[in-house]
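Residue numbers (the numbering used here): 654 to 836.
We treat Cβ as the ideally placed atom computed from N, Cα and C, and that holds for glycine.
In structure tokens form, the structure reads like this:
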């Protein structure tokens, strides 16, 4: 839940007074520099300088707000992509583990046959089901369309937790999922 809260918080930067205070040092330095330059060039009175200073501070805040917001969104998207890639590696690891377990099962069954003269008393061809049963708790639970939507860049930081969890009750509410199911 902390991850989702940090995503929400960083995407909503600029709506609280606290955000204004974070931007204050940048605005103060740039505004002071601008006012001093204007005073030196035009020699305006103090009232005009205060007005220009406030305008420059507002412009600096808005520019900072846009730049910081864009940077935060890009950073969050980067985190989502990295998490997705880690999950792909994990899926690959799970597939290899299942393959190794299947091979191990077959080896043990051959040993059992050599020692006791007959295979282990489990229905032939059931090894795949047995391995799937063992691996059920460690498999990833992605939404069925996560790979397609990640490639199409439809997945946002806000949606990522839902896509990764793949909980049917949650993904059934996703607009992208609903559209895919209709096709």
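- For residue 753, the closest alpha carbon among the candidates 805, 787, 793 is that of 787.
- Membership of residue 701 in the alpha helix (DSSP H) is indicated by the continuous run 699-769.
- Residue 786 sits in a helix when the DSSP states are folded into three classes.
- Going by DSSP, residue 821 is part of the alpha helix (DSSP H) stretching over 821-824.
- Contact check for residue 683 against residue 709 passes: the beta carbons are separated by less than 8 angstroms.
- Pairing residue 807 with residue 836, the inter-Cα distance amounts to about 17 angstroms.
- Boundaries of the alpha helix (DSSP H) harbouring residue 833: 828-835, taken from the DSSP string.
- No Cβ-Cβ contact shorter than 8 angstroms links residue 799 with residue 827.
- Look at residue 779 here: in three-state DSSP terms it is coil, with no helix or strand label.
- In chain order, 780, 781, 784 place their CB closer than 8 angstroms to the CB of residue 755, counting only its own chain and leaving out the 5 sequence neighbours on each side.
- Between residue 692 and residue 677 a beta carbon distance of about 22 angstroms is seen, past the 8 angstroms cut, so the two are scored as non-contacting.
- Counted as a single uninterrupted DSSP element, the alpha helix (DSSP H) harbouring residue 799 occupies residues 799-804.
- A residue is called buried when at least 16 other Cβ atoms come within 10 angstroms of its Cβ; residue 731 does not meet this threshold and is exposed.
- Straight-line spacing of the CA atoms in residue 778 and residue 758 works out to 11 angstroms.
- For a cut-off of 8 angstroms, the C-beta gap from residue 813 to residue 733 is around 5 angstroms, short enough to register as a contact.
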